Amino acid sequence: MATEIKVAQLPESVSDATLVGWHKSVGDAVQRDENLADLETDKVVLEVPAPVSGVLTEIKIADGTTVTEGELLAIIDESAAGASAAAASTSPAAESANTASQPTSADESTDDRAAHRLSPAVRRLVEEHDLDVSMITGSGKGGRINKADVLRFIDSQQSDDVVPEDAQDVTPATNDRLEERVPMSRLRARVAERLVDAQATAAMLTTFNEVDLTEVIGLRARYKEEFIEKYDVKLGFMSFFVKAACEALSKYPVVNASVEGSDILYHNYQDIGIAVSTDRGLLVPVLRDAGQLSFAEIETGINDLGRRARDGSIGIDDLTGGTFTVTNGGIFGSMMSTPIINPPQSAILGMHTIQQRPMVVDGAVEARPMMYLALTYDHRIIDGRESVQFLVSIKQALENPERLLLGL
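Take the position in the sequence shown, starting the count at 1, then add 55; the result is the number in the working numbering.
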């Protein structure tokens, strides 16, 4: 019996997708619910699961093709499942194709799991350089192979291939100025489009302040062990900043608002977008009702969203509907920046690296852990007074964290 594999219903506002790559070839045995291919949309990567077990007899769509909802992708022959299973025990080629469901050794099982951990961006890089993923050591969670691991492996291979100086060909090198042209991924193209639109439509302005994180660092140091023991999650800086931002948004609701035509839409809740850097590009998953969450719930939520954003399992619903965004360039060493608003939001808070700097405290100069804060806002609805007071509110909350606990 032949079963057609079609593009499933796409998320709302998504009209098409790009077939990034097939995980199976014609003639391969597949198991029910096994991922056959990846579809990349403007925001997320969707899997194409096998609805039945059988043999993949036809592939209708090639890699890199744009597809729409309901389009025929492939055909699986259910009746061939038994014959394929029998052949797998005698055919080396079939055995290799079926390692995911019928591992014959620990090494084969490990190799297969490693291959299935690859994100679309990493998989493309592996295929372009014809690499054996079993030779690459993954540094991600659970041994996941990321882009940096692949690049390090490529560099090491190139280093190994260097010819000793006394054996080198004297022919002058001709590839010193090689260039490579690759198309933008759908996500990268969409991010570029939204950033350009934001600059074209919003009257963006950035205001700065600085915050002394002595008290926050001391509080984390005092309670970090108890916190992780009770909640099974680390007490990070992000929960303090999200809490402080929610308190400030409740005081200055226009910063949490958005522009709709000639109207200002105020939100009586705080859905905070958390910018996450991934192999595919920048994603901004949303922490819902962050103002109602505890520190532990915020940390757990951020960890979960970040993990799913990086491994490609984030859903479209997790990436829509934010009212305000927090981005932390400090994890990459950024000293100061002017973040760009994430439309239709009207403001974004930029965190930066913490640096010991000499500060005057009670008439004496002391080394203090300082961070620059940046608030980019839409000047069409947010005035300078409100933007400055918003940042001051965050500064006060972080320099006196007990204010967050008392709601002051």
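Don't be surprised by glycine CBs; every beta carbon is placed ideally from N, CA and C. All figures in this text were calculated on a predicted structure; none of them were measured in a lab.
For S70, which three-state DSSP category applies?
-> coil
Compute the Euclidean distance between the alpha carbons of V81 and A92, then round it to the nearest angstrom.
-> 13 Å
Taking the DSSP output, what are the residues bridged to M259?
-> D433
Quick one: measure Cβ to Cβ for M414 and M406, integer angstroms, because I've assumed they're closer than 8 Å.
-> Wrong, their Cβ atoms sit about 19 Å apart, outside the cutoff.
Where DSSP assigns a beta bridge to A57, which residues make up the other side?
-> D132
Taking the DSSP output, what are the residues bridged to I329?
-> V381
So what's S313 in DSSP terms, helix, strand or just coil?
-> strand
Among V100, A84 and Q64, which has the Cα closest to the Cα of S368?
-> V100
Would you call M190 buried or exposed, if buried means 16 or more other Cβ atoms sit within 10 Å of its Cβ?
-> exposed
Can you tell me whether V225 is buried or exposed, with buried defined as 16 or more other CB within 10 angstroms of its CB?
-> Residue placement at V225 is flagged as unreliable, the pLDDT there being 49, under the threshold of 50; the coordinate-derived value follows with that caveat. The residue in question, V225, is exposed, as its Cβ has fewer than 16 Cβ neighbours within 10 Å.
Whole-angstrom distance between E315 and A258, CA atom to CA atom = 14 Å
Helix, strand or coil at A402 according to DSSP, with G and I counted as helix | strand
Q444 beta carbon less than 8 Å from that of Y286 | no
For G361, the nearest candidate out of F292, P340 and S317 (CA to CA) = P340
Residue(s) in a DSSP beta bridge with Y427 = E265
Looking at C-alpha atoms only, which residue of T378, A452 and Y427 is the closest neighbour of M390?
-> Y427
Specify the secondary structure class of D204 as computed by DSSP and reduced to three states.
-> helix
First through last residue of the alpha helix (DSSP H) which encompasses T355 = F350 to D366
If you draw a straight line from the C-alpha of V420 to the C-alpha of S392, how long is it?
-> 27 Å
Let me know the secondary structure DSSP gives Q411 once reduced to three states.
-> strand
Whole-angstrom distance between I449 and F296, CA atom to CA atom | 8 Å
Run through DSSP, which three-state label would P456 get?
-> coil
Mind the definition here: the segment 368-380 touches the segment 395-403 only if three or more C-beta pairs lie below 8 Å; say whether that holds.
-> yes
In chain order, what residues of the same chain lie with their CB nearer than 6 Å to the CB of V271, ignoring the 5 residues before and after it?
-> F295, L453 and P456
Taking just the CA atoms, how far does T58 sit from T408?
-> 54 Å
Segment limits, alpha helix (DSSP H) that includes V297 = F292 to K306
Determine, using beta carbons only, whether V62 and L94 come nearer to each other than 8 Å.
-> yes
Under three-state DSSP, which class holds I191?
-> coil
Residues near G125 in its chain [Cβ-Cβ closer than 7 Å; skip 5 each side] = K61 and V62
DSSP on E89, reduced to helix/strand/coil?
-> coil
Extent of the continuous beta strand (DSSP E) to which E235 belongs | From DSSP, E235 is part of no beta strand (DSSP E); its letter is neither H nor E.
Could you spell out the range, first to last residue, of the beta strand (DSSP E) harbouring I116?
-> Unbroken run through I116: none, as it is neither H nor E.
Please name the residue or residues paired with T121 in a DSSP beta bridge.
-> T73
Neighbourhood of D344 by C-beta, 6 Å cutoff - its chain only, sequence neighbours within 5 removed = Y324
Out of R363, E113, L186 and L260, point me to the one whose CA is closest to V331's CA.
-> R363
Rounded to whole angstroms, what's the CA-CA distance from P158 to L65? Just pull it up for me.
-> Annotation note: pLDDT 42 at P158 (below 50); position unreliable, coordinate value reported separately. Distance between the alpha carbons of P158 and L65: 33 Å.
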